[in-house]
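Peer 1: Take this structure first; my questions come after.
Residue numbers (my numbering): 28 to 479.
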């Protein structure tokens, strides 16, 4: 039997393989998983370390640099501004020169800039370096997705993408103990603890930049771990998939002009504000427990372990029960209630439990919410919709990174920002509930390939 080609919704190519194709495809996927995916996963973790370290460095550098809480928030948020601005230009460079050739100088830039932040002696230098970090990191995630299209058939990419997302979450578990330990090295070799944080989190990027050319082949045609038969098969398979794609896809403009963009913008923007509020403010709240920096780092692991467990269980439960309304709303409602209760809890273990519930609720609802466009729009429109929503998410992150410190500064309380997290979680819950009902009403039509 000869492999054939079909499409999903008239746009997404799917090649129908025979038994021989399946064996070769399985072999290619397994080798890619052993030889390439670990490198990409490590890159995702290192990238997250370089952007997340600021939440712990803040505990000391704010006073050393004479920064107000709001000034810190502004500087930290500049990463999201430059990341958004340079995502498209960097993506064009990736398309022109290839992901591997782009990643080598990019990871080198991450390391140099991150370590350079240890030399910050004024707010201006801090702002500049934080902005530059977003410049060199912009396009990394889209470049990783593009790299998957060069190495794997269409049907195998979703699982690989999930692994990359999981690696980013795993970095949240690592960054706490690492940065906490670095803060405790205060005045070792004359350096402050926050300076050690930047050095320790920047070094992995430099090492990765040096090792990357040795570990990562430029492309599948240069991969020695593939047999010649596998190289030829993969090249022909990817060529057939490209040939199956239509030359134009009117669904793209339909997706950008669709009212759902605005409806999706509300929960995505609200979640962006709330999630950044949690990510960058959690170490500050836990520091008020009176614990050491190392203990602070370890306690920060607890919410993220819960998030990883929740992401494994909750979306699967929603799929198994074919119910999305309450599965989208309940976690966000729990997050909102927990955030409101945090300022009133005086017992640290109770505060940590509430912070864990708040963090988990915000993140476990996201896979369900991000699945809505796929139910309501055809494939070309979905791609455009997701790109627009990604922009809204970055805008939310920028707002949240400024809003949370401003509230803390104006109120004089490190717990007051949790009220803004509660409001955003509640707004996300209500708007997500509306989206689910709309998707349930319109989903049947989208399955026929029409844009609602």
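C-beta: ideal position from N, C-alpha, C; glycine also.
Whose C-alpha, out of 456, 308, 329, is nearest the C-alpha of residue 354?
Peer 2: 456
Peer 1: Following the continuous alpha helix (DSSP H) through residue 97, name the residue where it begins and the one where it ends.
Peer 2: Residue 97: member of the alpha helix (DSSP H) spanning 96 to 112, first to last residue.
Peer 1: Indicate whether residue 382 and residue 398 have their beta-carbon atoms separated by less than 9 Å.
Peer 2: no
Peer 1: Take every Cβ of the region 100 to 109, pair it with every Cβ of the region 192 to 200, and state whether three or more of those distances are shorter than 8 Å.
Peer 2: no
Peer 1: Count the other CB atoms within 10 Å of the CB of residue 114; is the residue buried (16 or more) or exposed (fewer)?
Peer 2: buried
Peer 1: Work out the CA separation of residue 331 and residue 349 for me, nearest whole Å.
Peer 2: Distance between the alpha carbons of residue 349 and residue 331 is about 26 Å.
Peer 1: Could you give the C-beta distance for residue 232 and residue 111, rounded to a whole number, given that I count them as a contact under 8 Å?
Peer 2: About 21 Å separates the two Cβ atoms, so there is no contact after all.
Peer 1: Rounding to the nearest angstrom, what Cα-Cα distance links residue 384 and residue 390 in this structure?
Peer 2: 10 Å
Peer 1: In whole angstroms, what separates the C-alpha of residue 363 from that of residue 451?
Peer 2: 8 Å
Peer 1: Can you tell me whether residue 46 is buried or exposed? The criterion is at least 16 other CB atoms within 10 Å of its CB, across all chains shown.
Peer 2: Counting C-beta atoms within 10 angstroms of its own C-beta, residue 46 has fewer than 16 neighbours from the protein chains shown and is therefore classed as exposed.
Peer 1: Which word fits residue 214, buried or exposed, when buried means at least 16 other C-beta atoms lie within 10 angstroms of its C-beta?
Peer 2: Taking every protein chain shown into account, the CB of residue 214 has fewer than 16 other CB atoms within 10 angstroms, so this residue is exposed.
Peer 1: Taking the continuous alpha helix (DSSP H) assigned at residue 167, which residues delimit it?
Peer 2: 167 to 178
Peer 1: Would you kindly check if the distance between the Cβ of residue 97 and the Cβ of residue 429 is under 9 Å?
Peer 2: yes
Peer 1: Could you work out which residue in 267, 356, 441, 65 is closest to residue 371 when comparing CA atoms only?
Peer 2: 441
Peer 1: Return the residue from the list 304, 212, 299 that minimises the CA-CA distance to residue 320.
Peer 2: The residue with the shortest Cα to Cα distance from residue 320 is 212.
Peer 1: Going by beta-carbon coordinates alone, are residue 147 and residue 67 separated by less than 9 Å?
Peer 2: no
Peer 1: Within a Cβ cutoff of 6 Å, which residues of the same chain sit near residue 178, ignoring the five residues on either side of it in sequence?
Peer 2: 59, 247
Peer 1: Out of curiosity, what's the CA-to-CA distance linking residue 468 and residue 352?
Peer 2: 12 Å
Peer 1: If residue 224 and residue 323 are in contact, beta carbons under 8 Å, what's the gap, nearest whole angstrom?
Peer 2: About 12 Å separates the two Cβ atoms, so there is no contact after all.
Peer 1: Alpha carbons only, please: which of 378, 394, 304, 297 is nearest the one belonging to residue 343?
Peer 2: 394
Peer 1: Which residues in the same chain have their Cβ closer than 8 Å to the Cβ of residue 274, if we skip the five residues on either side of it in sequence?
Peer 2: Because the pLDDT at residue 274 is just 49, under 50, the model does not fix this residue reliably, and the point stays unresolved.
Peer 1: Secondary structure at residue 218, three-state DSSP: helix, strand or coil?
Peer 2: Three-state DSSP puts residue 218 in a strand.
Peer 1: Since residue 419 contacts residue 295 with CB under 8 Å, what's their CB separation in whole angstroms?
Peer 2: In this structure residue 419 touches residue 295 by the C-beta definition: roughly 5 Å separates them, less than 8 Å.
Peer 1: Measure the alpha-carbon distance for residue 131 versus residue 242 and round it to whole angstroms.
Peer 2: Residue 131 and residue 242: Cα-Cα distance of roughly 11 Å.
Peer 1: Could you name the residues of the same chain whose beta carbon sits closer than 6 Å to that of residue 302, not counting the 5 residues immediately before and after it, in chain order?
Peer 2: 389
Peer 1: Residue 82 and residue 311 - do their beta-carbons sit closer together than 9 Å?
Peer 2: It is a contact, given that the beta carbons lie within the stated cut-off.
Peer 1: Kindly indicate the opening and closing residues of the alpha helix (DSSP H) around residue 353.
Peer 2: 352 to 368
Peer 1: Count the other C-beta atoms from every protein chain shown that fall within 10 angstroms of the C-beta of residue 315, then say buried if there are 16 or more, exposed otherwise.
Peer 2: exposed
Peer 1: Considering only the alpha carbon of each residue, which of 256, 292, 153 lies closest to residue 88?
Peer 2: Closest option to residue 88, Cα to Cα, is 153.
Peer 1: For the alpha helix (DSSP H) holding residue 371, just list the boundary residues, first then last.
Peer 2: Neither: residue 371 is in no alpha helix (DSSP H) and is coded neither H nor E.
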